[in-house]
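First residue of the sequence shown? That's 1 in the numbering used here, and the numbers climb one at a time after it. Note that the Cβ used here is the ideal one computed from N, Cα and C, for glycine as well. All of these numbers come straight from a predicted model, not from anything done at the bench.
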Amino acid sequence: MRGYTLQELMLVMLLGVLITASGMPLVRRAMTELEDKDLVQLLSIVISLVHRDFEQSTSYAGVSTANLVSRVPSQWVLDPSTLRHPLGGTLTVSVDAADSGRFVLSLAVQREDTCERAVMSSWPLFDLIRVDGVNIKTQAMQVPPGATQLAAACSPGAHQIQLVGE
């Protein structure tokens, strides 16, 4: 049995590094798409639970995260009164302070890329989207934001995204 030369070992290690390096972006992209899909699924579940609970009412007064925790899949439950979302933050549910006929899902995000992904993933589900209190989507602004507007709204740092539903 012959031994391997240092050159042969280095070649095998180099091939391993190259294969790993070329595969990482594909894995990262697949994970990002999966997280975005999971976010949309979670938001859809919460929306349907809120609508079911308040279908006979003209007001969402009384809606809260704590009322929904027991009915959301356990993978999204952080503790008995807190939901977490797939982009690495918390999700809270409340009545809209300006209009009790609307509810608000608030997503806490820590990075600009997760802020942008949360806005774009939730775009088709809500008529009103705010980032740190600034309207990104309204009844009058239904076109998705451009890269510049999205980058300005989702600057580096933590953000609070409010998704307002009726």
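Out of the options, point me to the one whose CA is closest to residue i's CA.
i: HIS159; options: GLY62, ASP53, VAL119, ALA30; result: VAL119
i: GLN253; options: SER100, GLU112, LEU91, MET141; result: Residue coverage of the chain in this structure runs from 1 to 166, which leaves residue 253 outside it and unanswerable.
i: VAL95; options: GLY88, GLY89, PHE103; result: PHE103
i: VAL69; options: THR148, VAL50, ILE129; result: VAL50
i: TRP123; options: MET10, GLY146, LEU9; result: GLY146
i: TRP76; options: ILE19, GLY62, ASP38, VAL12; result: ASP38
Between the C-alpha atoms of residue i and residue j, what's the straight-line distance to the nearest angstrom?
i: PRO83; j: ALA30; result: At residue 83 the sequence reads Leu, which differs from the Pro that was named. When rounded, the distance between both Cα atoms is 24 Å.
i: LEU87; j: LEU14; result: 34 Å
i: VAL164; j: VAL93; result: 10 Å
i: PRO73; j: TYR4; result: 53 Å
i: THR138; j: ALA21; result: 42 Å
i: GLY89; j: GLN56; result: 32 Å
i: ASP99; j: GLU166; result: 10 Å
Considering only their Cβ atoms, is the gap separating residue j from residue i smaller than 8 Å?
i: SER81; j: THR65; result: yes
i: VAL46; j: LEU105; result: yes
i: GLU112; j: PRO156; result: yes
i: ALA151; j: ILE136; result: no
i: SER121; j: ASP36; result: yes
i: HIS85; j: LEU42; result: yes
Hey, quick one: how far does the beta strand (DSSP E) through residue i stretch, first residue to last?
i: SER94; result: 89-95
What span of residues does the alpha helix (DSSP H) with residue i cover, start to end?
i: VAL72; result: Here VAL72 belongs to no alpha helix (DSSP H), and DSSP marks it neither H nor E.
i: ARG52; result: 6-53
Query raised in the report: Unbroken beta strand (DSSP E) runs of length 3 or more, entirely within the region 101-135: which are they?
Result: 103-109, 128-131
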